[in-house]
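A.B. asks:
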Amino acid sequence: MSTVTEQEEKLAPIEAPDDQLKIPEVLPVLPLRDIVIFPFMIVPLFVSRERSIRAVDQALAENRMIMLAAQKDPDNEEPGPNDLFDVGTVAVIMRMLKLPDGRIRILVQGVSRARINYLEDTQNYLQSRIEELKEQVPAESLELEALTRNVRASLDKAVSLGKNISPEVMAIVTTVEDPARLADLAASNLDLKVEDAQSVLELLDVTARLHRVNELLAKEIEVLTVQQEINIQAKGEIDRSQREFYLRQQLKAIQQELGEGNELAEDIAAYREKMIKAKMPKAVDEEVDRQLKKLERMHPDAAETATLRNWLDIMVALPWSKSSKENLDLKKAQEILDEDHFGLEKVKERIVESLAVRKIKEKPKGSILCLVGPPGVGKTSLGRSIARALNRKFVRLSLGGVHDEAEIRGHRRTYVGAMPGRIIQSIQQAGTNNPLIMLDEIDKVSADFRGDPSSALLEVLDPEQNNSFRDNYLGIPFDLSNAMFMTTANILDTVQPALLDRMEIIRLSGYTEEEKLQITLRHLLPKQMEENGIKPEQLKITNQALHHTIAMYTRESGLRQLEREIGKICRKVARRVAEGDMSQVSVTEKNLHEFLGVPKVEIDEILKQDQVGVATGLAVTATGGDILFIEAITMKGKGMLQLTGQLGDVMRESAQAAYSYARARATRLGIDETIFDRTDIHIHIPEGAIPKDGPSAGITMATALVSALSNRPIHKNVAMTGEITLRGDVLPIGGVKEKVLAAHRAQIKKVILPAQNRKDMEDVPQEPQKDMKFVFVENVQQVFDEALMPATPLVVKKAGPPKKVVTKTAIRASRKVPATKKSKPKARAAKR
Ligand SMILES: Nc1ncnc2c1ncn2[C@@H]1O[C@H](COP(=O)(O)OP(=O)(O)OP(=O)(O)O)[C@@H](O)[C@H]1O
Ligand SMILES: [Mg+2]
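In the working numbering, the protein residues as written are 83 to 914.
(1) Have a look at the DSSP bridge pairing and note the partners of Gln191.
(2) Among the residues of its own chain, which have a CB less than 8 Å from the CB of Leu451, if the five just before and after it don't count?
(3) Can we count Pro457 as close to ligand 1, meaning its CB is less than 7 Å from some heavy atom?
(4) Could you tell me the alpha carbon to alpha carbon distance between Glu235 and Asn271, rounded to whole angstroms?
(5) Just curious, the beta strand (DSSP E) that Ser550 is in, first and last residue?
(6) Going by C-alpha to C-alpha distance, which of Ala779, Ser550 and Ala253 sits closest to Val732?
(7) Let me check you understand the geometry: is the CB of Lys461 closer than 7 Å to at least one non-hydrogen atom of ligand 1?
(8) Go to Lys104, then tell me how far its alpha helix (DSSP H) extends in each direction, as first and last residue.
(9) So Gln864 is in the alpha helix (DSSP H); what residue range does that whole segment cover?
(10) Could you tell me the distance, in whole angstroms, from the CA atom of Lys879 to the CA atom of Ala873?
(11) Can you tell me which residues form a DSSP beta bridge with His917?
(12) On the three-state DSSP scale, how would you describe Tyr200?
(13) Rank Phe856, Glu214, Gly592 and Leu166 by C-alpha distance to the C-alpha of Lys819 and give the top, closest one.
(14) Any heavy atom of ligand 1 closer than 7 Å to the CB of Asn572?
(15) Do you know whose CA, among Phe677, Val233, Thr257 and Ile312, lies nearest Arg68's CA?
(16) Out of curiosity, what's the CA-to-CA distance linking Leu181 and Arg187?
(17) Relative to the alpha-carbon of His423, which residue among Lys598, Leu674, Val484 and His381 has its alpha-carbon at the smallest distance?
(18) Round the Cβ separation of Asp762 and Gln724 to the nearest angstrom and send it over; I've been treating them as touching at under 8 Å.
(19) Compute the minimum distance between the beta carbon of Asp522 and the heavy atoms of ligand 2, and state whether it is under 7 Å.
(20) Comparing the CB of Glu638 with every heavy atom of ligand 1, is any distance shorter than 7 Å?
(21) For the segment 482-497 against the segment 653-668, do three or more pairs of beta-carbon atoms, one drawn from each stretch, fall closer than 8 Å, so that the two count as touching?
(22) Can you tell me whether Leu224 is buried or exposed, with buried defined as 16 or more other CB within 10 angstroms of its CB?
(23) Mind checking whether Phe677 and Thr698 have CB atoms under 8 Å apart?
(24) Between which two residues does the beta strand (DSSP E) holding Leu518 run?
(25) Which residue comes first and which comes last in the beta strand (DSSP E) that contains Leu451?
(26) Does the Cβ-Cβ distance between Leu127 and Val190 come in under 8 Å?
(27) Given a cut-off of 8 Å, decide if Ile303 and Lys239 are closer than it, judged by their beta-carbon atoms.
(28) Check whether the Cβ of Ile601 lies closer than 7 Å to any heavy atom of ligand 1, and answer yes or no.
(29) Measure from the alpha carbon of Ala828 to the alpha carbon of each residue in Gly707, Gly776 and Leu835, then state which is nearest.
(30) Could you please give the first and the last residue of the uninterrupted alpha helix (DSSP H) stretch that includes Asp853?
(31) Across which residues does DSSP place Ala873 in a beta bridge pair?
(32) My output table needs one value for Phe424: the three-state DSSP class, helix, strand or coil.
(33) Taking DSSP as the reference, what is the three-state secondary structure of Ile893?
(34) Could you give the distance in angstroms between the alpha-carbon of Val822 and the alpha-carbon of Met611?
(35) Since Ile815 and Asn793 are thought to touch, with beta carbons under 8 Å apart, how far apart are those beta carbons, to the nearest angstrom?
(36) Work out the CA separation of Ile117 and Ile41 for me, nearest whole Å.
Here it is, written out as structure tokens:
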């Protein structure tokens, strides 16, 4: 600026003092684009328009005075007579400088307000005829004083709020006495809009002008206040993030110093990497991210840190979007199923059917298969085989003894040692989100005060709900809809009805001896040989030896015990091989005892001779079909009926019905009618510790009763089952296949069944059908005809001491059962 000033053409000072200046009537006009100039203000102006430059020249040529008037429209390049405000300011040009680009710079000082009365647009410049305006100066008053003070205070305030007014101006503000000058000074320093400034200029009444200036000042202060608030806020935000950044840097430095930071940062980076790999759903991703941020802030040794890390480990390890490619090739599936399991045609057929449905339907809401049957018939291993056929991962989840809902659904993370529930654990174990999860032993789930696991299972097994299965530990839903569920049970009685309703029941009811032989040859023997390291050429077992093993060393529906016995043989052989005996070991029926010891199964004593008061019944238990003996004896008394052996209500009533029937038909049945007045009857079903229930022993109890009362022995080798009514009708029962297989195992020759069960013989394999005789009865009289022999004279005695027909030892010997049966004694309840 200083260089410019030096080149300025210094004009000679105007002689007369300001107030005595004579203002001419005609003056050239300088239109101002965006500024209003007040009297007494000294302002530099740039002049670039041709006509304006000429106007300045004209002024300089005369008395250096010029009329300054603001344009109504600042963009107007050639303002004419109507484009200027009427009121303007007469000014004196104090200095002038020609700039190299042709423009000029002038310094003007306002002299007085004036009104343009007439404007002439000459060729060279605008020329005006003006009239000087005198302002009305009021007398001193309180109002005037208040107004001036207010202007001063407001200007101070504006400056304190950041208004840019130079200290020199502020100094003048405090000293200036004239209220009119103060108003003009304030207005010209507020950067007002042209219209606002013009409105101040036009006010000749000084009081009104002060009011107006105060108004504008108030508005300005308001704007400044808001502006400052915005500034403070923005600054605050910047401050906070700067502070946080600073603190973090410090924390990092401290952690590095302590040798902690790096580890944590590395761990967090590792988690992030795993998160990306796991391809989590968005919601999960966000949650994990949130927790990671939390981890960053936590002390590495806090107990909570460990908990959170466990959770993170599980979250990033879960197969959120990892699945195995499902095999839907039906032929291949059938092949695999056949390869792994012998027989079980119906079951396999059903499985392949459900596969077919999966193949043609996008998201089949298929029902859940439930395999029901006695132990060792291959339920679990069938599940494994199905998984293999489908190319899904297999996970077995044993529900035996689960009685806490949290075991299925997990504990909240707040508990010490909390873990996800079994379902999520299974998914984690599988490593894919579409495994086959086998819920094993669903009949052993029990409810207690900790909640009912069945209800959690309901959700798991419901295809409508399980796409957002919520585990308490994860705290976020997991989609189970890709997983396939199967269940197994030994019996269905203890399964919750709602659960049962969701499942499709497939029964596996045990194998015949022949089937067991085939399974042994194809599966159990090769498997055991391999497990014990025996090569095929080192062991030879004859079929007779295997038959003998099945009949004399095992007594079960399934194959568990048999597999163990085969294992025992293999181990004995392995020992010989290990001791250096390289010759082939041959196992035959004759030398079998060398490998397995004495036979475990003896033919039941009872089945060896015809006896009075002991009838053979057939029952279905959790371990499959079985035979059971019912004893009845008479003793001196008053016609009481006593029942023992942990019988349930249904069975008791059934016994009562049999007794009443026998009493009512005494004569026809060859019973001395007076016997009821002097004798008590006691019916007992051995294995007294095991609860039994169900109506299917009805005809067996009746037979034992009548035999004892009439002294007619019962044919050995006859077994029976059927419900009895008071009138002696025989009603159908369930579990025919299991019962027939059990009778066959026990080498029974004749089986008595209710006539209405004839249709069930379809399911019974050929072998027992061939080996045994079946009698179908409608009335209990037919049972007696088949089972009872004529009264033996030997046993006919006058009423005397109680006749103990079966010795205790005989019973005990007869009840030698394989260990598998004992292992699940509770579930064993003779039903049907
Ligand atoms: N049809 C079959 N073909 C080949 N092997 C079989 C067959 N049935 C059962 N097995 C074999 O018998 C053994 C016992 O079967 P598994 O363990 O599946 O019984 P389970 O029905 O699950 O019994 P539990 O009710 O006690 O759990 C297994 O080694 C299995 O491979
Ligand atoms: Mg099993």
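Each residue gets a CB set at the ideal place from its N, CA and C atoms; glycine is no exception.
C.D. replies: This is what the structure holds:
(1) Ile124 and Val174
(2) Arg432, Ile433, Ser436, Met568, Thr569, Met585, Glu586 and Ile588
(3) yes
(4) Residue 235 is actually Ala in this sequence, not Glu. Straight-line Cα distance between these residues: approximately 15 Å.
(5) No beta strand (DSSP E) holds Ser550; DSSP gives it neither H nor E.
(6) Ala779
(7) yes
(8) Lys104 -> no alpha helix (DSSP H), and no H or E assigned at all.
(9) Val862 to Ala869 is the extent of the alpha helix (DSSP H) around Gln864.
(10) With a pLDDT of only 45 at Lys879, under 50, the local geometry of the prediction cannot be trusted, and no value is derived from it.
(11) The structure shown has nothing for residue 917, since the chain only spans 83 to 914.
(12) strand
(13) Gly592
(14) Remark: the C-beta of Asn572 is in contact range of ligand 1, defined as less than 7 Å to any heavy atom.
(15) Residue 68 is absent from the structure shown; the chain starts at 83 and stops at 914.
(16) 7 Å
(17) Lys598
(18) Right, their Cβ atoms sit about 7 Å apart.
(19) yes
(20) No heavy atom of ligand 1 is found nearer than 7 Å to the CB of Glu638.
(21) The segment 482-497 is not in contact with the segment 653-668.
(22) exposed
(23) no
(24) Leu518 to Asp522
(25) Ile450 to Val454
(26) yes
(27) Judged by their CB atoms, Lys239 and Ile303 are nearer to each other than the 8 Å cut-off.
(28) yes
(29) Gly707
(30) Its alpha helix (DSSP H) spans residues Gln848 to Asp853.
(31) None; Ala873 has no bridge partner.
(32) coil
(33) Unreliable positioning characterises Ile893 in this predicted model, as indicated by a pLDDT of 37, which lies under 50. A coordinate reading is not provided.
(34) In this structure, the CA atom of Val822 is about 32 Å from the CA atom of Met611.
(35) At roughly 28 Å, the Cβ-Cβ gap does not stay under 8 Å, so Ile815 and Asn793 are not in contact.
(36) No answer is possible for residue 41: it lies beyond the span of the chain, which begins at 83 and ends at 914.
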